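In full-length UniProt numbering, the protein residues as written are 1 to 226.
Working notes, beginning with the structure itself.
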């Protein structure tokens, strides 16, 4: 039976998919059977996040096994599902995850938006899904201005819900002096390990992306997440 980790973000577009792809890529590069799972995607007629990870990581898996629900409207899942008159059923997500961990050593599960994004009306949120999956989490955070508040609030909320946060991955890191200060303050307050600092890339071709993963994501640190 495989293991999983849940990737949560401090905000929308913080880089959860890019980081999830990096974790999955490094696992597969080191010859572990690993897959990516994005239960809910909104903002396209195909799950573009899944396509990105499949392409970068060379995963030959069915789309419907890597994504349970895909909505065209780029809004919160609870609203997107209402617009398309589709009921999100958590059982479908949980069942797919159970099948994935039978097939793979490691499954990287990515949320939608932040930890309090509603999935089903006002009754079921990302944090509920994390708890139902019984997974530890990694927080993906920006390096720049505003990240201290966003990251610490995300961590404290997760902790208040009994969710185990394994560490933080900093995305779009450029090495500016205030970014290092942000990171140090976050570490001092949360006592969490910063697992990786992934650079801000201007060139997003596959080779550049893979080189960045290989340079800044340590496989031993990744294995400790599961």
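Glycine included, C-beta positions come from ideal geometry on N, C-alpha and C.
Source: prediction; values computed, not measured.
Whether residue i touches residue j by CB criterion (9 angstroms)
i	j	result
residue 9	residue 139	yes
residue 26	residue 179	no
residue 145	residue 4	no
residue 131	residue 93	no
residue 155	residue 208	no
residue 113	residue 11	yes
residue 104	residue 2	yes
Of the listed residues the options, nearest to residue i (C-alpha basis)
i	options	result
residue 210	14, 7 and 18	18
residue 85	169, 62 and 120	120
residue 160	97, 175 and 127	127
residue 66	1, 48, 114 and 183	48
residue 81	113, 148, 40 and 101	40
residue 43	2, 13, 223 and 176	13
residue 89	105, 68, 102 and 59	68
residue 123	106, 79 and 102	79
residue 129	104, 216 and 91	91
residue 99	118, 87 and 61	61
Cut-off 6 angstroms between Cβ atoms - residues of its own chain near residue i, not counting five sequence neighbours on either side
i	result
residue 193	167
residue 182	147 and 148
residue 303	This structure cannot settle anything about residue 303, because the visible part of the chain is limited to 1 through 226.
Beta-carbon proximity list for residue i, same chain, < 8 angstroms, skipping 5 on both sides
i	result
residue 212	22, 198, 199 and 201
residue 15	9, 140, 142, 171, 172 and 198
residue 225	5, 23, 136, 138, 166, 167 and 195
residue 7	16, 19, 20, 23, 108, 109, 110, 111, 137, 138 and 140
residue 186	141, 147, 148, 151, 152, 168, 192 and 194
residue 157	115, 116 and 127
residue 59	24, 28, 35, 36, 53 and 66
residue 101	1, 2, 3, 4 and 107
Buried versus exposed call for residue i [16 or more other C-beta atoms within 10 Å across all chains shown]
i	result
residue 203	exposed
residue 83	exposed
residue 28	buried
residue 106	buried
residue 97	buried
Close-in-space but distant-in-sequence residues of the same chain around residue i (CB under 7 angstroms, 5 per side omitted)
i	result
residue 46	70
residue 95	none
residue 30	219
residue 63	47 and 50
Contact test: residue i Cβ vs the ligand NAD heavy atom, cutoff 8 angstroms
i	result
residue 74	Absence of the ligand NAD from the depicted structure is noted, as is the absence of any ligand whatsoever, leaving it without description.
Worksheet item: Would you say the segment 20 to 36 touches the segment 123 to 135, given that touching needs at least three Cβ pairs under 8 angstroms?
Response: No, they do not touch.
Discussion item. With three or more C-beta pairs closer than 8 angstroms as the rule, is the segment 47 to 56 touching the segment 73 to 83?
Written reply: no
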